[in-house]
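Okay, structure first, notes after.
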Amino acid sequence: MVDNLIILETPEALAERVAGDFAQLVNEALAKQDRFSIALAGGQTPKQFYERLAKAPYVSSIPWSRLWFFWGDERCVPKEHPDSNFHMAAEALLQYVPVPPAHVMRMHGEDPPAQAAAEYEKSMRGFFRESGFWPSFDLILLGLGPDGHTASLIPGSPAVTNHVSENLEERRQLQTGEGEAPQPRWVVHNVIRALQTVRLTFTYPVINHAKSIWFLVTGAKKTQAFAEVQKGPNPNSPASLVQPVNGTMKWYIDKEVVYGRSKDPSSEERAPVSQRRDGRSGQ
Ligand code: 6PG
1078 MVDNLIILET PEALAERVAG DFAQLVNEAL AKQDRFSIAL AGGQTPKQFY ERLAKAPYVS
1138 SIPWSRLWFF WGDERCVPKE HPDSNFHMAA EALLQYVPVP PAHVMRMHGE DPPAQAAAEY
1198 EKSMRGFFRE SGFWPSFDLI LLGLGPDGHT ASLIPGSPAV TNHVSENLEE RRQLQTGEGE
1258 APQPRWVVHN VIRALQTVRL TFTYPVINHA KSIWFLVTGA KKTQAFAEVQ KGPNPNSPAS
1318 LVQPVNGTMK WYIDKEVVYG RSKDPSSEER APVSQRRDGR SGQ
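Under the working numbering, the first residue of the sequence shown is numbered 1078, with each subsequent residue one higher.
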């Protein structure tokens, strides 16, 4: 189910490869257009990629002043908070590169969540006013949580269940010609009961309308979650519902994601999850 799968030896090799591919994608896009829009992800794996970009040659070879930075999700905390995805990207990358401050469009995690989501959506609608019904990011970066979440689309949370029911409603309307189309939202505050928290997140159609979607995933903790994604779309595996409309999707993963924890290369546990007959994850 996952095409465009790029498997790297280590997290460091993954960061190196993604940095090279990113420089190429940016340069190719900027040969045809004035600006490049990217939505960043939180998490340890994207962080290693940002840290790589902050070093030679990328720190000086990428035309940073033509890039515009957004976030696909954010914690409801102030921007200096260690849990802030903005804070992480600022520490790992943005403080080192000449990006104009006006090009850094952070989610305001310190504001009341519903207001922060609505205001972020408004600023995105301003930026993408020529894109049509949905924005078309040049690149959206995503991680994968051990529970299958991506961005802040957590299993069982409203942003996931609403997406599933909106799709069903759309299908019903197409068949019956009745009903009203749901009001499309670009950004929502997602109440996550399991974690007793609220997060700000892009909705699925925003992600699915990007020109490029790149998942960056490392570590044996993700083996099972990645195996679920490979089985195809399923609401219990929110990352599996990311399905590009016109763009392309790539999965950059390291060997631990594929093989799980086992150290013994001859053991069955070393076989890629998709090749195991019993479907066990090795975790
Ligand atoms: C966040 C994220 C989240 C993350 C994954 C993977 O705010 O935490 O945006 O979706 O990307 O949980 O994170 P790791 O790479 O740290 O496992």
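All residues carry an ideal CB built from backbone N, CA and C; glycine is no exception. Remember, it's a predicted structure, so these values are computed and weren't measured experimentally.
*Cβ contact (3+ pairs, closer than 8 Å) linking the region 1080-1093 and the region 1199-1210*: no
*asked:* I need the DSSP call for Leu-1216, collapsed to helix, strand or coil.
replied: strand
*Where Thr-1300 and Glu-1255 are concerned, what is the direct C-alpha to C-alpha distance, given to the nearest angstrom?*
43 Å
*asked:* Between Val-1294 and Ala-1194, how many whole angstroms is the CB-CB distance? I'm expecting something under 8 Å.
replied: 26 Å between Cβ atoms; not a contact.
*With C-beta atoms as the reference, is Phe-1126 less than 9 Å away from Leu-1216?*
no
*Where do the ends of the beta strand (DSSP E) carrying Ser-1229 lie?*
Note, Ser-1229: premise wrong, no beta strand (DSSP E); not H, not E.
_Rounded to the nearest angstrom, what separates Lys-1124 and Pro-1177 at their Cα positions?_
21 Å
*For Ala-1287, is the beta carbon positioned less than 8 Å from some heavy atom of ligand 1?*
no
_Per-residue DSSP class, three states only, for Val-1181_ = strand
*For Pro-1235, which residues from the same chain have a beta carbon less than 7 Å from its beta carbon, with the 5 sequence-adjacent residues on both sides left out?*
Asn-1267 and Val-1268
*Within the present structure, is the beta-carbon of Arg-1152 separated from the nearest heavy atom of ligand 1 by less than 8 Å?*
yes
*asked:* Do Ala-1116 and Leu-1277 count as a contact pair if the criterion is CB distance below 9 Å?
replied: no
*Closest to Phe-1279 by CA distance: which of Ala-1118, Ala-1108 and Glu-1105 is it?*
Ala-1118
*Work out the CA separation of Val-1103 and Glu-1187 for me, nearest whole Å.*
31 Å
_Cβ distance (whole Å) where Met-1184 is taken to contact Trp-1148 below 8 Å_ = 5 Å
*Would a C-beta distance cut-off of 9 Å place Tyr-1329 and Phe-1292 closer than the cut-off?*
yes
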